[in-house]
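See structure below.
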Ligand SMILES: CC(C)(COP(=O)(O)OP(=O)(O)OC[C@H]1O[C@@H](n2cnc3c(N)ncnc32)[C@H](O)[C@@H]1OP(=O)(O)O)[C@@H](O)C(=O)NCCC(=O)NCCS
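In our numbering, the protein residues as written are 61 to 235.
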């Protein structure tokens, strides 16, 4: 296991500040790649970034972070929907920290949390044209494509792929 890497829920003020920086980097990168301005077009994202701690209040939402030597370098959010699906969101590792297994570990941690909450599956939205490393991570972790669309209509050219993965704990409880 890589030394100095710790993953877990954001708890301290430094965690929330570091996580906000990561998520804003993700939005900037999406803007560079697509000309789609997340904060301009999505009110929910504006609300999220204005107060991450409130937006990701437990038990049904959690923001996990990856830290190297105590500094936040990666994020992964979890949001349990009313239909029992759990969304994985805000997947970002700062460039200098990539390729060290942080997202893989965050996804394991998020999966465990979704199972603890009784979710029936994980789902996520990704961009098939440029989020290629993320798709390798998702496919390796058992996600499968569900649907593909342009989103949101009229607000830029963003191609979206939704992917889903069943959760073993739910399947064993309900089979
Ligand atoms: C996708 C992303 C989050 C992956 O983060 P990461 O922390 O680098 O992910 P990991 O380190 O777990 O895996 C990345 C690669 O390193 C490899 N790796 C994992 N652990 C490793 C280790 N200990 N040593 C060497 N390589 C390792 C993985 O096999 C993987 O290889 P691949 O790229 O050939 O598939 C990151 O690339 C990113 O932020 N991308 C831009 C944002 C994005 O697309 N977000 C998705 C939104 S839906």
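Ideal Cβ placement from N, Cα and C applies to all residues, glycine included.
Query, Result
"Do you know offhand how far residue 137's Cα is from residue 232's?", "25 Å"
"Measuring CB atoms only, is the stretch 127–134 touching the stretch 103–112, in the sense that at least three cross pairs come out at less than 8 Å?", "no"
"Within this structure, are the beta carbons of residue 182 and residue 140 separated by less than 8 Å?", "no"
"Nearest to residue 203 by alpha carbon, out of 224, 211, 218?", "224"
"Going by Cα to Cα distance, which pick from 151, 162, 114, 218 is closest to residue 83?", "151"
"Mapping the DSSP letters down to three states, classify residue 152 as helix, strand or coil.", "strand"
"If I follow the unbroken beta strand (DSSP E) through residue 70, where does it start and stop?", "Taken as a continuous stretch (DSSP letters only), residue 70 belongs to no beta strand (DSSP E), as it is neither H nor E."
"Can you determine whether any heavy atom of ligand 1 sits closer than 7 Å to the C-beta of residue 207, and answer yes or no?", "no"
"Report the rounded CA-to-CA distance for residue 74 versus residue 133, giving the unit in angstroms.", "12 Å"
"Taking the alpha carbon of residue 71 as the point to measure from, which residue in 98, 64, 118 has its own alpha carbon closest?", "118"
"Do you know offhand how far residue 228's Cα is from residue 201's?", "13 Å"
"Between the alpha carbons of residue 165 and residue 67, how many angstroms are there, rounded?", "7 Å"
"Excluding the 5 residues flanking residue 79 on each side, which residues of the same chain have their C-beta closer than 7 Å to its C-beta?", "70, 112, 123, 125, 132, 135"
"Are there any heavy atoms of ligand 1 lying less than 7 Å away from the beta-carbon of residue 211, as far as the coordinates show?", "no"
"Classify residue 144 as helix, strand or coil using the three-state DSSP reduction.", "coil"
"Could you pull out every residue in the same chain whose Cβ sits closer than 7 Å to the Cβ of residue 145, ignoring the five residues on either side in sequence?", "179, 180, 181, 183"
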